[in-house]
Each structure stands twice: as C-alpha cells, then as structure tokens.
Amino acid sequence: MTTSDITLAARGADTILPPGRLEGLLESGRSLRVKLGLDPTAPMVTLGWAVVLRKLRHFQELGHTAVLIVGDFTARVGDPSGKSETRRRLTADEVRSYAKPLLDQFQRALLPEPLEIRWNSEWLEALDMSEILELASTVTVAQMLERSDFANRYSEGTPISIMEFLYPLLQGYDSVAVEADVELGGSDQLWNLMMGRIIQTRYGQEPQVALTMPLLTGTDGRQKMSQSLGNYIGVTEPAAEIFGKTMSIPDHLLGEWFRLAADRPAEEVDQILEGINSGRLHPAKAKRLLGKRIVSLYWGEEKATTAEADFDQRFKHREVPQDAPPFAMPTDDPVYLPGLLRSSQLAPSASQGRRLIDAGAVRIDGEQVQGYEIARARLVRKTLTVGKRRSVFLRN
RNA sequence: GCCGGGAUACCCAAGCGGCCAAAGGGAGCAGACUGUAAAUCUGCCGGCGAUGCCUUCGGAGGUUCAAAUCCUUCUCCCGGCACCA
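Structural data, given as structure tokens:
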C-alpha cells in the first residue's frame, strides 16, 4: 500500500526535497497537510495550473488534507520567480475579480474533501512591522542573490525592488500559517518552497517537503503555457474546444502532455510512446486518445466521445458546425459583409474582414464567398465561418 | 547634477525632409499540403461602405508647400563621469 501511495504522490514530479522525507511522512500514516498556493493573477485555470492541482488531488485521494491558499495578498506583491523584470502588481480590485471565478475552477479540479481553502490576506494583512522585520531577518541578501532570476537581473543592472525580496518570505510565512507538511508548486517555485523550509524552522516548525511539478509546455510547443502568451487551454473551455486545441499541439509534446495534462501513470505513458516509436500507434491516434483523456478529466467520459465526433465533423470532413452561436443579422439588404464580420466578432475590424474575404477564408454554409455585398437572402439562416475555428449562425 | 546615446506598429528593429501606413525578422491570422501535428510554400498583418480618405513613429508646441525625419521643451530609459558611502 505504501509503495503505491508513494508512486502516486511522486508521479510526474520534477523535484522532491529533501530526499526520502516524503516517503517517511507517507509511511507515518499521519494525515498530512499539503499546501498549494496560487496567486489570482489571471482569470482562468489553464491545464498548466491544473498540473499542480491534479497533484494536490492525488494527495486528497490518499486521504491527506489539501490546503489551497488563494494568494489574494501575494498577488498584489508580485512573484519574481522566473521573471526578468519586475512583475506588474495587481490592484485589490483585479485580484478580487479574478479570485471568485478561479475558486470555482479550482474546485472543479479537486475533490470536495478533505479540502481547506484559505486566503493569505487573512494572516499577511495582519502582520505588523516588528513581525515583518522578524521575518526579514531570516534570509540574507547573499541568499536572495543566489537565485538565478535575481542574479541575472542584478548583473544586468535590471532593477530589483526590496518588495520582490519580500515575496518569497511571505510565501514561506504562508507555510507557517497553515502548518504545511508538504508544499506543491511548479518547478520555478522550488526556491520559494525551500525558503518556506527555512522560515518554518525559524518559527519552530518541522520544515515542509517541497514537491515541484514540471511546467507544462503550451499549445505552441515552445513556451510554457501561460495566459499572456495565448498558448493555453482553460479547464472550463467547452469540451470540443479542449479536444480541438489538444489536437493542434505538436507531436513532441505527446509524452509530456499524457503525463502532466492528462495525468496518466508513467507505465501507460511509456507504453504509448513505445507504440509511436515502433510505428504500431499513429501519432494522430495517440493525440486523439490524449484529447479524450483530458476532456474526460473536466467534462466526463461521455462528453469526451462527443467532442471527438464533433471534431471529425468539423475539421476532418470540414462540415458546417451545428453548434455555431446565433447572431442576429442587420436588416440591410444587401448586407455589407465586412461589417457583419466585425459586428459578429468573426473579425476584429471591417478592414480585416475584407482581407479575410479576399484571402478566401470566409464561407457561407461551407461555400467560399467573393465580394463584399451579399444579398440578405443568401445569408439568412446560414452559418457564416471564418477559417476552421470561428463561426456564427445568422438569425433573421 | 553634468556629458553622451536612445524612445518607431503585438515584440525586436530599419528609416533621419516628400517616393512612409512606414524596410527586415519574430509572433499572429488566412490559404495550400497534412494527421486542424511538425516542416514547407503563399497571402495578409492601423482604421474607414475604400483605387480615395482618416489616425499613427514617447508627450506638447514650432519651422516648412511638405515632418517618423529639422528646432524648442517635457517625460522616461540606457552608458559614462561627478556626488554620497
């Protein structure tokens, strides 16, 4: 039993420190407090964030308590991890507007029990100056400058504010506040998690185990998944969308995505990769399986099957989508198509709409359109598509 | 504080009086080919009911028939020096 516990707990992990300690904790039979802190800095939970959330869920499945910290305070400070310049600080309003929808999405990825949700403004806002000084005395400037992101910025002369030095301390203090036995994070968080150990020790607590997960590569296959880069998939996106976007990832991501995004066990992943390498399994087939697995996690098995069928209809056979959102047409006749493309959000501007028409990207019920003036009768109750992804159904 | 360099579209970056809605690259979008993959090729990539008009080259003002380009001033960045330690 313990062996399989450890297998699940460590599955997919990038780094677990200190060595052997996690095994010790799991064997102790004690119910552990497993901390995951997420700053509400963007409005959506992507598959990237979901990687650590899934990891937290593993611990829940093993009966341990998930302590999810909403970093409403730390989001206003700005995590310097992996950054080459000062992160923009969010306002309290921005944080609040993100936090609420995020919370629902977090819970979608986790089990309802055992789960503890805390907001770190609860204790961080309450710190007074003498407590902050106490906290600040735990780490030296030299220690801070060991971090590669700070070291790079320092040597390049890019400004580092003292506030940024405070960030890891606050995160570490979170661990003290919730008495974490384990803290999870992305691999860029390792330093912060280790800082938590130092701070916990200073406050007389047993230092936590730091467990980091690799950062998921985005749909572009190059950079880390992030909302600002637009290479992401959100867990609340429609099933068909998740499936479709998954199909568009480069093949070389298959292994990583099966492991991290679909959260499959190592043996299964190896088997799939072996199948691809030996030619027994076509990469497109594997990717379909991946898409279904991912959709199942957030929408269930049934929706996953539907999503796959939709995909074939839409893209493989290039059929006109049945589920295009309706859009009420203007009453003009003839209709100025570039304007319609803009007002229906199929194109950002009428000018770009024109160019899309010129490029042959615009279709009415699957038929390419030429020209800007279209008789109203040709459009009513038809589906207007731009490219393969965007479409509306034109209501009268 | 002084001297010098710089700020150009989503990002990098050319342009230094008209030929500039602004080279080139990246990103993005679309088309072809595919497995909606990658790679490749092609087109587009400020707005406008549009062979023309309007708004853009850090901000404001000016010179000029004409300014991204010249002048004044302001803001911010970068390098050097000085100051402080």
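Going left to right, the first sequence walks through residues 714 to 1109 as the numbering used here numbers them. C-beta atoms are modelled at their ideal positions from N, C-alpha and C, and glycine is treated no differently. For clarity, every value in this text was computed on a predicted model and none was experimentally measured.
Residue i - containing beta strand (DSSP E), residue span
i, result
"G898", "V895 to G899"
"R829", "Going by the sequence as given, residue 829 is Glu instead of Arg. From DSSP, the beta strand (DSSP E) with E829 extends over L828 to W832."
"M857", "First-last for M857: V854 to E859, but that is the alpha helix (DSSP H), not the beta strand (DSSP E)."
"V747", "R746 to L751"
"D778", "This sequence places Thr at residue 778; Asp is not what is there. Where T778 is concerned, the enclosing beta strand (DSSP E) stretches over T778 to V783."
"V1099", "T1096 to V1099"
"P1039", "P1039 to A1041"
"L848", "Run containing L848: none in the beta strand (DSSP E); it sits in the alpha helix (DSSP H), M842 to A849."
"R1076", "V1075 to I1077"
"L730", "T728 to L730"
Proximity winner among the options, relative to residue i (alpha-carbon distances)
i, options, result
"A755", "T804, A726 and G776", "T804"
"L1107", "S1057, L903, L1069 and P1061", "S1057"
"A1088", "G1100, N833, E1014 and P1043", "P1043"
"V852", "S794, L897, S874 and R915", "R915"
"R809", "G1013, F786 and E829", "F786"
"V948", "R789, Q818 and L1092", "Q818"
"R977", "L721, T716 and S717", "L721"
"A1063", "A1072, G1052 and G1073", "G1052"
"L966", "T1019, I989 and P1034", "I989"
"P731", "Y1049, E896, E859 and S794", "E896"
"R1027", "L745, M926, A953 and V1075", "A953"
"L823", "W832, F772, N833 and L837", "F772"
"L1097", "V1033, K998 and E847", "V1033"
"R734", "R724, I719 and G725", "I719"
"P825", "L781, M857 and L837", "L781"
"T925", "V854, L769, E892 and A1037", "L769"
"R821", "F1040, V1075 and L760", "L760"
"D894", "G909, S991 and A1090", "G909"
"F863", "A763, W904 and G1013", "W904"
"G1013", "R972, V982, L1059 and I955", "I955"
"L837", "L828, S717 and G885", "G885"
"Q1083", "G1073, D1045, F971 and R1091", "G1073"
"V758", "K1029, S941 and V891", "S941"
"V766", "S744, A788 and G725", "Note on residue identity: the sequence assigns Leu, not Val, to residue 766. Checked all of S744, A788 and G725; the closest Cα to L766 is G725."
"Y811", "P793, G784 and Y1011", "G784"
"K1000", "R972, G742 and L815", "R972"
"T932", "W970, L906 and K1101", "W970"
"S834", "W762, D752 and M842", "D752"
"R1091", "D1045, L906, M857 and R1055", "D1045"
"A997", "A979, E1021, E981 and D983", "E1021"
"L745", "A788, T716, P1039 and E829", "E829"
"F1040", "K1029, R1055, R1031 and H1030", "R1055"
Expected contact under 8 Å - CB spacing of residue i and residue j to nearest Å
i, j, result
"T778", "V747", "7 Å"
"K1095", "I1070", "Incorrect: roughly 15 Å between the Cβ atoms, too far for contact."
"G968", "L986", "5 Å"
"G791", "D887", "About 15 Å separates the two Cβ atoms, so there is no contact after all."
"A1037", "S1104", "4 Å"
"G899", "L928", "5 Å"
"A1060", "V1099", "7 Å"
"Q902", "S794", "6 Å"
"L1003", "A979", "The pair is not a contact, with the Cβ atoms about 15 Å apart (cut-off 8 Å)."
"M857", "F878", "5 Å"
"Y1049", "Y1011", "About 40 Å; that fails the 8 Å criterion."
Span of the alpha helix (DSSP H) around residue i
i, result
"M908", "L903 to R915"
"L1107", "Careful: L1107 lies outside any alpha helix (DSSP H), inside the beta strand (DSSP E) at R1103 to R1108."
"F878", "I875 to V891"
"L1070", "Here residue 1070 is Ile; the residue named in the question, Leu, does not match the sequence. Its alpha helix (DSSP H) spans residues A1063 to D1071."
"T1018", "E1014 to F1024"
"F772", "L760 to E774"
"V808", "A805 to A822"
"L1054", "L1050 to S1056"
"L739", "R734 to E740"
beta-carbon residue i near the ligand SAH non-hydrogen atom, thresh 7 Å
i, result
"S900", "Looking for the ligand SAH in the displayed structure turns up nothing, as the structure carries no ligands at all."
(message) For the pair the region 999-1007 and the region 947-966, tell me if three or more CB-CB distances fall below 8 Å.
(response) yes
(request) Please confirm if the region 933-952 is in contact with the region 735-753, defined as three or more CB-CB distances below 8 Å between the two stretches. (result) no
(request) Tell me, please, whether the region 940-955 touches the region 917-924 by the rule of three or more beta-carbon pairs shorter than 8 Å. (result) no
(message) Give the list of continuous alpha helix (DSSP H) stretches no shorter than 4 residues that lie fully inside the region 926-987.
(response) 952-960 and 967-973
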